[in-house]
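Protein chains in written order, with my numbering: chain A, 7 to 163; chain B, 5 to 292.
The structure appears right after this line, and notes come after that.
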Amino acid sequence: MARKHVVTTINGDECDFLCESDETLLSVIRNQLRLTGTKEGCSTGDCGACSVMLDGRLVCSCLTLAVEAEGKVIDTIEGMSEDGNLHILQRKFIEHAALQCGICTPGFLIAAKALLERNPNPTETEVRYWLAGNLCRCTGYHKIVEAVMDAATEMRG
Amino acid sequence: MIMDFHAPSTIDELSSLLSNSSEKKHLLAGGTDLLVQMQSQIIEPSTVIDIKNISEMMEIKDDIDGFYVGAAVSGMTIIEHQAFSDTWPGVIDGVKLIGSIQIKGRASMGGNLCNASPAADSTPAMIASDAKAIILGSKGKRDILVEDFILGPGKNILKSNEVLLGIKFPKKRNNSSGAYLRFTPRTEMDIAVAGVGVNISLGDKFQIEHAKVSIGAVAEKALVAEAAAKVLIGKKVDEEVIEKFVSEVRNLARPIDDKRGTVEFRKQVIGVLAKRALNIALERISHG
């Protein structure tokens, strides 16, 4: 059978691609569209490294079929900075040294941005629960939580 | 093998796809179970049908006779639905415990039910709420209580040409509320070692008028703890009633030993959870 033609919007730009019907969205984003900021970790929805926004919902792109993206709006880490300026969350991750190897970082940033859009003033507990689906084996999480809390303060102005 | 993929947009299209041939078809709602099984090559589906373009699968409706939640509505959509959350807080307790925010962004209550894990977090709360599964088959719709929908681990009552359309909740009783509690070694991203869903209503003298209790992860499927609920009916909750209630819950549990908990531990903890869930439900009633 022919490959499927899928039309989506990725990071604000219309984008179409051809994919196998059993191919994951993660595979297309990384291997075809070459948006390699989104990482592959566990491939079973446990680690959150592949987090993207799908029609405004935080999801694991490893557990989404690429064909499901038809007509949908996808946002990845590549769309997070604006006009070459880092997003406040990205800046705070650097300031607080909230990353070491960096594999989990794009997923954490996407997830944290989704949290702050819903809840601009989260408690530390709320941040920790929201980010429970993102695993980091380097930092011990503390600096990530600090960076998110600090970003929230600055974003509230 | 090349996988055949369909995304019907109406019930009729779905029905004709299901009756099309006898070969096994896999339905895709949130995909958080299906995709994991595909990735790990436990299954290699020849046909996948995405049900998320069908409006009946994706809507939450507040009818005169109660709420209807489409089988593919995501957990986050349910949690964010204010009127549903206010009406069925016990069900929301359960849905909130299904995986991470990412998982709940896709995973549905319908999928949790169809997947039929004995430890499914939304199931005991649905059972306690007297929810019914609305099943669509070649001869139209039928409904069945959620407790009768599940047959055992990974097994549900659906025939090959049938599909779960949604979950129907009854009209909420006056002066009623519910709660779901589970035990897990970790607070997030874990599977229930034991879980209890409770739904109760109070009469004008604060006696329990109606009670339904369901226990999860302590048998091959979520059970209705009828004998435990009977202890409560007509009584005002005091220490003696709670003690009898807890002991009935423990009697009904028939758990297995596994890496997550022993029989002895599960029987102990299910009683503690039942008592706490009952107290949360009572507290919720008193806070209106």
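Here a beta-carbon is modelled for each residue, glycine too, at the ideal position from N, C-alpha and C.
Top-ranked residue by Cα proximity to residue i, from the options
{"i": "K4 (chain B)", "options": "B:R146, B:P259 and B:H214", "result": "Because chain B is modelled from 5 through 292, residue 4 (chain B) falls outside the range shown and cannot be assessed."}
{"i": "D16 (chain B)", "options": "B:S44, B:V167 and B:K279", "result": "B:V167"}
{"i": "Q38 (chain A)", "options": "A:E26, A:G51 and A:V154", "result": "A:E26"}
{"i": "R254 (chain B)", "options": "B:D262, B:K263, B:R264 and B:V228", "result": "B:V228"}
{"i": "L286 (chain B)", "options": "B:A231, B:G182, B:E230 and B:K216", "result": "B:G182"}
{"i": "G146 (chain A)", "options": "A:A117, A:W136 and A:A103", "result": "A:A103"}
{"i": "D22 (chain A)", "options": "A:I150, A:K78, A:V58 and A:C56", "result": "A:K78"}
{"i": "T36 (chain B)", "options": "B:T14, B:K29, B:G109 and B:D69", "result": "B:G109"}
{"i": "N283 (chain B)", "options": "B:R270, B:P259 and B:V250", "result": "B:V250"}
{"i": "I161 (chain B)", "options": "B:H291, B:C118, B:E244 and B:K209", "result": "B:C118"}
{"i": "E130 (chain A)", "options": "A:E123, A:E152, A:L115 and A:N140", "result": "A:E152"}
{"i": "D125 (chain B)", "options": "B:V202, B:D97, B:K145 and B:I107", "result": "B:D97"}
{"i": "K175 (chain B)", "options": "B:F9, B:G70, B:V40 and B:S19", "result": "B:G70"}
Cut-off 6 Å between Cβ atoms - residues of its own chain near residue i, not counting five sequence neighbours on either side
{"i": "E76 (chain A)", "result": "V12"}
{"i": "C142 (chain A)", "result": "C110"}
{"i": "L149 (chain B)", "result": "K136"}
{"i": "D147 (chain B)", "result": "K136 and I138"}
{"i": "T70 (chain A)", "result": "L31"}
{"i": "R264 (chain B)", "result": "V197"}
{"i": "S142 (chain B)", "result": "S23 and N165"}
{"i": "V154 (chain A)", "result": "A118 and V133"}
DSSP-derived helix/strand/coil call for residue i
{"i": "T159 (chain A)", "result": "helix"}
{"i": "T70 (chain A)", "result": "coil"}
{"i": "H148 (chain A)", "result": "helix"}
{"i": "K296 (chain B)", "result": "No statement about residue 296 (chain B) is possible, as the shown extent of chain B runs from 5 to 292 and does not include it."}
{"i": "K186 (chain B)", "result": "First, the amino acid is wrong: residue 186 (chain B) is Arg here, not Lys. Residue state, collapsed to three classes: strand."}
{"i": "A198 (chain B)", "result": "strand"}
{"i": "I6 (chain B)", "result": "coil"}
{"i": "C21 (chain A)", "result": "strand"}
{"i": "D6 (chain A)", "result": "Any question about residue 6 (chain A) goes unanswered here, given that chain A covers just 7 to 163."}
{"i": "K119 (chain A)", "result": "helix"}
{"i": "V167 (chain B)", "result": "strand"}
Per DSSP, cross-strand counterpart(s) of residue i
{"i": "M6 (chain A)", "result": "Absent from the model: residue 6 (chain A). The displayed extent of chain A is 7 to 163, so no value can be given."}
{"i": "G144 (chain B)", "result": "B:G141"}
{"i": "V95 (chain B)", "result": "In the DSSP output, where bridge partners are listed per residue, V95 (chain B) has none listed."}
{"i": "S89 (chain B)", "result": "DSSP output for S89 (chain B) lists no bridge partner at all."}
{"i": "G70 (chain B)", "result": "B:D67"}
{"i": "H214 (chain B)", "result": "B:S205"}
{"i": "L227 (chain B)", "result": "B:I219"}
{"i": "L32 (chain B)", "result": "B:D54"}
{"i": "T15 (chain A)", "result": "A:E20 and A:V79"}
{"i": "S181 (chain B)", "result": "B:I204"}
Beta-carbon proximity list for residue i, same chain, < 7 Å, skipping 5 on both sides
{"i": "L1 (chain B)", "result": "With chain B running from 5 to 292 in the structure shown, residue 1 (chain B) is simply not present."}
{"i": "C56 (chain A)", "result": "L32, T44, K45, E46, G47, C66, S67, C68 and G113"}
Residue i CB to nearest heavy atom of the ligand SAH below 6 Å
{"i": "Q272 (chain B)", "result": "The ligand SAH is not part of the structure shown, which contains no ligands of any sort."}
Cutoff 8 Å; reference residue i; Cβ partners in own chain excluding five residues on either side
{"i": "D67 (chain B)", "result": "none"}
In the region 196 to 213 of chain B, which residues sit with their C-beta less than 7 Å from some C-beta in chain A, listed in chain order? Taking 7 Å as the Cβ-Cβ cut-off against chain A, none of the residues of the region 196 to 213 of chain B qualify.
Quick one: which residues of the region 104 to 130 of chain B get their C-beta closer than 8 Å to a C-beta of chain A? List them in chain order. Of all residues in the region 104 to 130 of chain B, only S104, I105, Q106, I107, G109 and R110 place a beta-carbon less than 8 Å from a beta-carbon of chain A.
Just by C-beta distance, which residues in the region 59 to 71 of chain A are closer than 8 Å to chain B? If the cut-off is 8 Å between Cβ atoms, the region 59 to 71 of chain A has L60, R63, L64, V65, C66, C68, L69, T70 and L71 near chain B.
Please name the residues in the region 125 to 142 of chain A whose beta-carbon is closer than 7 Å to at least one beta-carbon of chain B, in chain order. Within the region 125 to 142 of chain A, the residues whose Cβ lies closer than 7 Å to some Cβ of chain B are Y135, W136, A138 and G139, listed in chain order.
Chain-ordered residues of the region 10 to 28 of chain A with a beta carbon less than 8 Å from chain B: So the list reads K10, E26, S27 and D28, given in the order they occur along the chain.
Using a Cβ-Cβ cut-off of less than 9 Å, give me the residues of the region 31 to 52 of chain A that come near chain B, in sequence order. Those would be S49, T50, G51 and D52, in chain order.
For the region 174 to 199 of chain B, which residues have a CB atom closer than 7 Å to at least one CB atom of chain A, in sequence order? Within the region 174 to 199 of chain B, the residues whose Cβ lies closer than 7 Å to some Cβ of chain A are E192 and M193, listed in chain order.
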